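Mind the numbering: the sequence shown is residues 10 to 816 in my numbering, read in order. Where is the CB? At the ideal position from N, CA and C, for every residue including glycine. Computed from a predicted structure; not experimentally measured. Written below as structure tokens is the structure these notes are about.
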Amino acid sequence: MSRNIIVVDANGERTIAAEQLPLKIGSQANADVRVPGAVTEGSRLLIDLLDDRAFLQTVSSDGVEVNGEPVSKNRWLKDGDVIQVAGVKISCAFDEELRLNVDVAALEYPTLPPEVAAVGVEPPEPITPVRPRARLKEDGEQGAAGKRIKYVGLGALGVLLVVAAYLFTAQAVLIDVEPADAEIKVVGGLFAPKIGGRYLLRQREYRVLLNADGYHSERQEIEVIDAPNQSFEFVMRKLPGRVALTTSPAIEARVFVDGEELGMLPSEAFLVEPGEHAVRVVAERYLEFETMVTVEGRGMLQTVEVELQPGWGDVTLASTPAAAEIFVDEEEIGVTPATLPIMAGLRQLVVRKDGYKAWKKEVTVEAGVPIEIPPVTLVEADGLLTVITVPAGAAVSVDGRYRGTTPVEVELAPGRNYEVIASKAGFGTVSRTIKLESRAGRTLRLPLEPRLGILRVRADPPDAELFVDGLSRGPANQELSLPARPHKIEIRKAGFAPFITEISTQPGMPENLEVRLLTPQEAVLAATPSTITTADGQTLILVRPGGEFKMGAPRREQGRRPNEAQHQVKLARPFYLATVEVSNSRFQAFKPKHTSGAEKYRQLATGNHPAVMLSWEEATGYCNWLSSKDGLPPAYIFENGEIALAQPVTTGYRLPTEAEWAWAARFTGGGGQVKYPWGDRMPPPEGAGNFADQSARAVLPNALSNYNDRFAITAPVGSFVPNPIGIYDLGGNVAEWVNDRYTVYTQPKGVQIDPLGPDKGQYHVIRGSGWRHSSISELRYAYRDFGDRGRLDVGFRIARYAEPLPE
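Below, the structure is given as structure tokens:
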């Protein structure tokens, strides 16, 4: 925090706050310290603080002294300094406080003129009367001249007033620029005087123009406000420096600075920004040169000497016989004997001469390190055997060693016998014995006899086209003789999915292929997996109903209820159905605080027991949540304030429709329909399912006699045997919410295809029996219940369509 200045004079002691600085010393009316002089002279001195240090700024230095010495420029003030101005003595006492003691006691104000003799002035000459001049002829000219003098005087006075007002209202502003010798020009306002290293500027915005040799010219904006000790600092950007690189030896080279290529050497100096830079010089056949260079900038020229080191080593090589060709990395570079400059690194040397085997060796060459290879003795070349088969592509072995596929060239030592064998799938194997002379060449041509197998093809439709190994062979229904090897067989017809397989034919073993081409829809179903697994580990089985079936119960069936009218239904779309009901642990992953009614029966909340005491809406919410986990579209949407199936129905998880549930429960893949989960007669056999049994008598008013499933409440999902298609607990354990809204069917005419139930209704259908059921009516598969809220004996399982509807 800036300190205050305390002034002590004849009027007593007063404090000049930091925000009131600079302190004005002068003869004007608003001076903080008044000294003798004309009022119009204004301030003689200014005292201000910079970094809490007092400094003196001279406005008019005439007659100003500090410690008895004249002062002509600004200076710092320290404890004990004495300022004298116009006969007034101001003593500086700077300790914890900044105190100025003003002494005016010694001042004298003489009123008589001095004696002439005392000051050494000549006595005045006698006054001689002057005759009055005649009046000017042109009085108007004399009057005009007087007016001009008057106007000039008034103008000068106005200028002085403006300047005085400017000085009294301006702020002392320090503009500090690096470099210190930069030219500073302040643009804006009437003028910008510089006094004692500071500019006197009024409050407003200014433009500062900076120029200095070796620097970029700059233009900065500043704003002067009503505050003391304002300062602005600017650092000018240096111009790029000129960097000249010279190489030894003087060769062409590429120059990189900080990884960026600047150009080629030799060249003129490169312009590089000031600072430290990584310089790299790359020349062919020389090691890279790298160094750090500090560029001064400001257009200065700096020279960097680059001493390039050879990137090769001298390798000496001789051979017997001489005049053999020398290759380095497959490039011919000379003949033996020779000493050759070879670039550093791992190199492959090869020596070749007609009639001799090539000599090869890998050599690690170091830059500047000579290597002498021991003399090389070349060995006479082998004979060259060329093997050709018809057809080509046969595998060739020589004396049991594989040498490639035909056509192939094999080098063999002369003077001995070799067994050559050629084999190809679908053709007989051919063997020959040969002998080569030294350096002689020989061609062996071997015809291959095909080994054929029979393929009989029968296709539906019969006018489909047959392709073998990608080539059309005409109508599909035919018998083919094919080489005994694997073949790609393809049968195509427009409007059907292509059939593709691979068959290996063998001589004497005919192959029979019978194919029925599938429609695109049939092909999709054929490729549909029979089971899928959800993100939370549930298994769903693919159900392909096909055909029509009858829902409901006959009028005379014992236990039949009025809402079980029979009606015809067809399920056209295959669907997946969960093998078990959704368990507590899986449902709680969706809704962690769900208890399944454990407040009444603790067993209901067991993790692997079915989740119960949940509404139809909660069950559909779980389905959408699981769909998002598996990246499937949601099956349910919120529409007109209600939850409904999206249309068309997506492949997301949902509750099974009532028709799907009924088919899975009663119509088991051609096994006919059954009345109860265990068959057509009461009572249930042992292990038939979890119903109201003897173990539940303590909690239920009615129970089956002579039946005990050992579970008084719910049982773990999948505890009993599944039905013929692998679904557990469609009867028993808990009843289940299905997708449909509840309605009473009155034997509708016609066949309903993939019915979804009514669009409106308060209640939803509940199907199946559970641990609370024991009557003939409730235990039947045809039994239909309904509700609009959760129950202790109602859970759910999930389903989904196998494929979306075709567009």
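- One thing to note: residue 776 has its Cβ within 8 Å of the Cβ of residue 667.
- Beta-bridge annotation (DSSP): residue 32 is paired with 56.
- The alpha-carbon of residue 514 is positioned some 7 Å away from that of residue 520.
- Note on geometry: alpha-carbon atoms of residue 621 and residue 804 lie some 5 Å from one another.
- Residue 501 places its beta carbon 8 Å or farther from that of residue 523.
- Counting C-beta atoms within 10 angstroms of its own C-beta, residue 602 has fewer than 16 neighbours from the protein chains shown and is therefore classed as exposed.
- Closest in alpha carbon position to residue 809, among 34, 587, 363, is 587.
- Residues of the same chain with a CB within less than 6 Å of the CB of residue 422, apart from the 5 flanking positions on each side, are 391 in chain order.
- In the displayed model, residue 85 falls within a strand according to three-state DSSP.
- Under the 8 Å Cβ criterion, the region 418 to 438 counts as touching the region 491 to 499, having at least three qualifying pairs.
- Annotation for residue 426: the continuous beta strand (DSSP E) segment containing it runs 426 to 432.
- Beta-bridge annotation (DSSP): residue 101 is paired with 109.
- Residue 670 sits buried, since 16 or more C-beta atoms from the chains shown fall within 10 Å of its C-beta.
- In the three-state reduction of the DSSP assignment, residue 303 falls in the strand class, which pools E and B.
- Excluding residues up to 5 positions away in sequence, 223, 224, 225, 306, 307, 308 lie with their Cβ nearer than 7 Å to the Cβ of residue 248 in the same chain.
- Between residue 630 and residue 801, the CB-CB gap reaches or exceeds 8 Å.
- Per the coordinates, the alpha-carbon of residue 457 lies some 19 Å from the alpha-carbon of residue 409.
- Just so you know, the alpha carbons of residue 462 and residue 341 end up roughly 54 Å apart.
- Assignment of residue 248 by DSSP, reduced to helix, strand and coil, places it in the coil class.
- DSSP, reduced to helix, strand and coil, places residue 638 within a helical segment of the structure shown.
- Closest option to residue 289, judged by alpha-carbon separation, among 751, 271, 470: 271.
- Going by C-alpha positions, residue 388 is about 17 Å away from residue 326.
- For residue 676, no beta strand (DSSP E) segment is defined, and its DSSP state is neither H nor E.
- If you ignore the 5 residues before and after residue 544, its C-beta comes within less than 6 Å of the C-beta of 638, 639, all in its own chain and listed in chain order.
- Between the C-alpha atoms of residue 599 and residue 807 there is a straight-line separation of about 14 Å.
- Residue 631 carries a helical assignment under DSSP once its states are collapsed to helix, strand and coil.
- Per DSSP, the continuous alpha helix (DSSP H) segment holding residue 529 begins and ends at 529 to 536.
- A residue is called buried when at least 16 other Cβ atoms come within 10 angstroms of its Cβ; residue 66 meets this threshold and is buried.
- Residue nearest to residue 356 within the set 735, 338, 790, 658 is 338 (criterion: CA-CA distance).
- Rounded to the nearest whole angstrom, the CA to CA distance from residue 370 to residue 442 is 34 Å.
- For residue 178, the secondary structure class from DSSP, reduced to helix, strand or coil, is helix.
- In the structure shown, the three-state DSSP call for residue 460 is coil.
- Taking one beta carbon from each stretch, the region 753 to 768 and the region 702 to 715 have fewer than 3 pairs nearer than 8 Å; the two do not touch.
- DSSP assignment within the region 757 to 790 yields the following whole beta strand (DSSP E) runs of 3 residues or more, N-terminal first: 760 to 762, 773 to 776.
- At a Cβ-Cβ threshold of 8 Å, residue 324 and residue 382 count as neighbours.
- The continuous alpha helix (DSSP H) containing residue 594 extends over residues 593 to 599.
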